[in-house]
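K.L.:
Protein chains in written order, with numbering that gives the first Met the number 0: chain A, 0 to 411; chain B, 0 to 411. Using N, Cα and C, we set each Cβ at its ideal position, and we do this for glycine too.
Protein chains: 2
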Amino acid sequence: MATQITIDRALVEKYILDLARHGAHGETGVWRTVYSPEWVAAQAEIEGWMRSAGMTVHRDAVGSLWGRIEGTEGGKSIVTGSHVDSQRPGGRYDGVMGIIAGMIAVKTLVEQFGTPKRTLEVVSLCEEESSRFPTAGFWGSRAITGGIKPGDVDTTIEWEGGSISDAMREVGLDPAQTDEAIRDDIEAFIELHIEQGPLLEQQGLPVAVVSAINGIRTYIVEVSGVSNHAGAFPMDMRSDPMAGAAEMISGAISTAHRWGRPAVTTVGRISAEPNYPAIVPDRVVFSLDNRHPDPVKRKLLYETHEAMMKEIAARRGLEVSWTIRSEHAPCQCDPEIVRMLQEAAREQGVPFTTMTSGAVHDSQQMAKIAKVAMLFVQSKDGRSHTPAEFTSVEHASLGTQVLAAGLHKLAY
Amino acid sequence: MATQITIDRALVEKYILDLARHGAHGETGVWRTVYSPEWVAAQAEIEGWMRSAGMTVHRDAVGSLWGRIEGTEGGKSIVTGSHVDSQRPGGRYDGVMGIIAGMIAVKTLVEQFGTPKRTLEVVSLCEEESSRFPTAGFWGSRAITGGIKPGDVDTTIEWEGGSISDAMREVGLDPAQTDEAIRDDIEAFIELHIEQGPLLEQQGLPVAVVSAINGIRTYIVEVSGVSNHAGAFPMDMRSDPMAGAAEMISGAISTAHRWGRPAVTTVGRISAEPNYPAIVPDRVVFSLDNRHPDPVKRKLLYETHEAMMKEIAARRGLEVSWTIRSEHAPCQCDPEIVRMLQEAAREQGVPFTTMTSGAVHDSQQMAKIAKVAMLFVQSKDGRSHTPAEFTSVEHASLGTQVLAAGLHKLAY
């Protein structure tokens, strides 16, 4: 199929700007957490667009919205979409860009090629960011893949205190029925998302085909020593956990740097106790976020960090211990769909590269029940999770064009 | 003078335990901030002891208590003492040990040798720790040396909100008259204090003669970079202030370690912004406490740290800036009094060493108007500013004996 697909760029721009009104925050920001009034309004607007594109629409048990074009040959569905919730505040593109691209891609395909053989669905997932309920992350895709455990609806509590089950009831959902969101009839899930990194901009490209999504493990590391007077205790007799932590942080960051792309290690959070300038601390706690898309190298990265931290602690007479705050296995995208998306981009004349995803995505959850793949569109300055995030209408439209061409290969 | 001086060890123990009742905190702690009811009670008890030892007593304009034995030949006074306030909580020894030793030394001298030629005074300084008013540090010795500036009584505000002038009025002091505490008739000030470090214990010695007190400069260092996604932003494109701060902290601490005693550098306080595990921070702020008793080496230590931090920031594409939170010049003890205290210890058969003080002390203020010297007594495990601080009655008594012998040389 080398037929050019024409995306209505004005419609792409309209959808971006219209959705940005729901939870608008300042000039360009969006603050739209799951089950909030803004979220309800956004899903209602999306439902209207789905219906006007000829889709049948239903809301699942956790509030994700599904628009469906029945295929002439039936079988499992080909699904595209992403999440409708935002950071607090986030920008206009993270998540919704994939819903907009999915709706416009399917609408364009139906207009240009008629009814597909395979059933095509667009999903507006209810939640991904854990921005209202810190442990709710991937609520929409976890519901679909059976990843919500009994009791989760009561133990998932918002930063401000209420449970997600209360919030669900407020928007007319029954938290006892989350299992009804489970799907076993999805063949493939293709998610378009903003890159959230600087690589496409650096290379001057609008689009990337994603071959794998990073595995992530976040440690909370605690280094303990002996608190002492900052003046009266000589350096050679100290067990200073700040000295140990600084060496560990330098070591972990420089290991990832030395390994090169796509390995990343980040220390974003740190605290000391008692946290007084004139007292050698007795405890330093820091987070250690590590990502790699290759399962074997990822394991080696963790082992390297752990051995390094143990060596430093032993040499300095410190105690080190850690807990694992979050862990997601890396996700290999389906090689056949990856190849097909690359071909689609080439046929449409859209310049692209292939990369791995540093951020985690709903696709990682969906991979439990379906073949997955992703497309990235360029992020200005690599920014995301901020009102400053930006993707041009041109790049969004080129990404939508590749998505449509890929869906055409799968469904027609 | 090789006459043995006999210190009443039971009295040393009684004074330690009696004073510890005022502001008793838990089993062995003391919480006695300046101008509190506990502080009033401690000063009242000390006043009684001074009077019973035959001293004339007066309270100066900021509430420091002076006990005086008039010398037969008049002239400037020989003064000993320390501060009566504590950390919150602190222990039973920091500060008051020097008041107790001073009272018992002078009492013992008068009992054993009669009226001195030179006037002897014992001072119970009102405040040193800045534990109630963060900017009040050395309130007592600053008042004596003219270090309280006009307006300080109104701008010195407690952690909880009130001004020091209100607190002074509550204990019957007139904040407008702080200048009346200024003294210009002090020849020498000798302060006995707990070591607050581990060196005497390590060497198995009860007492040290202090030859110099560290200069201190505390920086608040701010390292700024660019906040980015912990997954999607490759290591080689980051401007990560945590990576820079960790390298600076390691560098500063290892420089002081490499220089060896008595150089010390401590990072006791640190924070990151926005302080999320999955976000490369855009700002890391840490304290950098640096001490050295030698004015030239101290300057070189600061210059070494500053050059190192600038180099790291420039190499990593970060901004670094700092403010100086506190600065005290090093204080050289009077060489003649140091030599005389060493001789006194030898004559009394008290094993001792000579060292510099890592902590800051009232003696540094007093050095502006008088010759100063200090004696240290052993601290168990080098602990201080904690209820766990401990000095044995034996070591306290041996220190008091050396102090008495030194005062004898100066005043008889």
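In chain E, which residues lie less than 7 Å from residue 275 (chain A) when you measure between Cβ atoms?
P.N.:
Chain labels in this structure do not include chain E; the protein chains are A and B.
K.L.:
Specify whether the segment 89 to 105 of chain B and the segment 69 to 76 of chain B touch according to this definition: at least 3 beta carbon pairs, one from each stretch, less than 8 Å apart.
P.N.:
Cβ pair count under 8 Å is below three, so no.
K.L.:
Could you please tell me which residues of the segment 353 to 375 of chain B, in chain order, have their CB closer than 8 Å to any CB of chain A?
P.N.:
356, 357, 358, 359
K.L.:
Check for me: the alpha helix (DSSP H) holding residue 119 (chain A) runs from which residue to which?
P.N.:
It is not in any alpha helix (DSSP H) - residue 119 (chain A) instead sits in the beta strand (DSSP E) that spans 119 to 124.
K.L.:
For residue 188 (chain A), name the three-state secondary structure that DSSP assigns.
P.N.:
strand
K.L.:
Taking only three categories from DSSP, how would you classify residue 134 (chain B)?
P.N.:
DSSP, reduced to helix, strand and coil, places residue 134 (chain B) outside both helices and strands of the structure shown, so it counts as coil.
K.L.:
By the 7 Å beta-carbon criterion, what residues does the segment 278 to 307 of chain A contribute toward chain B?
P.N.:
Flagged, chain order: 278, 279, 280, 286, 288, 290.
K.L.:
Suppose you measure from the CA of residue 0 (chain B) to the CA of residue 339 (chain B); what does that come to, to the nearest Å?
P.N.:
Any reading at residue 0 (chain B) must be qualified, since the residue scores a pLDDT of 48, below 50, and its modelled position is unreliable; the value itself is stated next. Roughly 11 Å separates the two Cα atoms.
K.L.:
Pull up the CB-CB distance for residue 180 (chain B) and residue 56 (chain B), whole angstroms please, since I reckon it's below 8 Å.
P.N.:
No, residue 180 (chain B) and residue 56 (chain B) are not in contact; Cβ-Cβ is about 15 Å, not under 8 Å.
K.L.:
Would you mind stating whether residue 275 (chain A) and residue 267 (chain B) have Cβ atoms separated by less than 8 Å?
P.N.:
yes
K.L.:
Under the three-state reduction of DSSP, which class applies to residue 199 (chain B): helix, strand or coil?
P.N.:
helix
K.L.:
By the 8 Å beta-carbon criterion, what residues does the segment 185 to 197 of chain B contribute toward chain A?
P.N.:
194, 195, 196, 197
K.L.:
Would you mind working out which of B:284, B:172, B:84 sits nearest residue 223 (chain B), comparing C-alpha positions?
P.N.:
B:284
K.L.:
Just how far apart, CA to CA, sit residue 160 (chain A) and residue 131 (chain A)?
P.N.:
10 Å
K.L.:
Using beta carbons (cut-off 8 Å, strictly below), is residue 136 (chain B) in contact with chain A?
P.N.:
no
K.L.:
List, in order along the chain, the chain A residues whose C-beta lies closer than 9 Å to that of residue 209 (chain B)?
P.N.:
Residues of chain A passing the Cβ test: none, with the nearest at roughly 11 Å.
K.L.:
Using only the alpha-carbon positions, how far apart do residue 486 (chain B) and residue 318 (chain A) sit?
P.N.:
Within the shown structure, residues of chain B are numbered from 0 to 411, placing residue 486 (chain B) beyond reach of any answer.
K.L.:
Who pairs with residue 210 (chain B) in a beta bridge, going by DSSP?
P.N.:
According to DSSP, residue 210 (chain B) bridges with nothing at all.
K.L.:
At a CB-CB cut-off below 9 Å, which residues of chain B make contact with residue 215 (chain A)?
P.N.:
229, 230, 277
K.L.:
Give the secondary structure of residue 412 (chain A) by DSSP, where H, G and I count as helix, E and B as strand, and everything else as coil.
P.N.:
Since the displayed chain A opens at 0 and closes at 411, residue 412 (chain A) lies outside it and no answer follows.
K.L.:
Please state if the CB of residue 294 (chain B) and the CB of residue 355 (chain B) are separated by a distance shorter than 8 Å.
P.N.:
no
K.L.:
Rounded to a whole number of angstroms, what is the C-alpha to C-alpha distance between residue 242 (chain A) and residue 205 (chain A)?
P.N.:
44 Å
K.L.:
Given this structure, state the Cα-to-Cα distance separating residue 23 (chain A) from residue 237 (chain A), to the nearest angstrom.
P.N.:
Between residue 23 (chain A) and residue 237 (chain A), the C-alpha separation is close to 52 Å.
K.L.:
Short of 6 Å in beta carbon distance, which residues of its chain neighbour residue 152 (chain B), apart from the five on each side in sequence? Order them along the chain.
P.N.:
163, 164, 174
K.L.:
Return the residue from the list B:408, B:10, B:13, B:377 that minimises the CA-CA distance to residue 202 (chain B).
P.N.:
B:377
K.L.:
Are there 16 or more other CB atoms within 10 angstroms of the CB of residue 158 (chain B), so buried, or fewer, so exposed?
P.N.:
exposed
K.L.:
Tell me the DSSP bridge mates of residue 286 (chain B)?
P.N.:
B:219
K.L.:
Shorter than 8 Å from the beta carbon of residue 0 (chain A) to some beta carbon of chain B?
P.N.:
Residue placement at residue 0 (chain A) is poorly supported in this model, since its pLDDT is 49, which falls under 50; the coordinates still yield a value, given next. False, the Cβ-Cβ gap to chain B never drops below 8 Å.
K.L.:
Going by the CB atoms, is the gap between residue 233 (chain A) and residue 58 (chain B) shorter than 8 Å?
P.N.:
no
K.L.:
DSSP state of residue 38 (chain B), grouped into three classes?
P.N.:
helix
K.L.:
Distance check for residue 263 (chain B) and residue 121 (chain B), CA to CA, integer angstroms please.
P.N.:
32 Å
K.L.:
Helix, strand or coil: which one does DSSP assign to residue 0 (chain A)?
P.N.:
A caution first: residue 0 (chain A) carries a pLDDT of 49, below 50, which makes its placement in the model unreliable, though a value can still be read off. Coil at residue 0 (chain A), not helix or strand.
K.L.:
Of all the CB atoms in chain A, is at least one closer than 8 Å to the CB of residue 233 (chain B)?
P.N.:
yes
K.L.:
With distances taken Cα to Cα, identify the nearest neighbour of residue 178 (chain B) among B:311, B:143, B:76, B:278.
P.N.:
Shortest Cα-Cα distance from residue 178 (chain B) to any of B:311, B:143, B:76, B:278 involves B:143.
K.L.:
Strictly under 8 Å for the Cβ-Cβ distance: is residue 245 (chain A) near chain B by that measure?
P.N.:
yes
K.L.:
Given this structure, state the Cα-to-Cα distance separating residue 240 (chain A) from residue 78 (chain A), to the nearest angstrom.
P.N.:
50 Å
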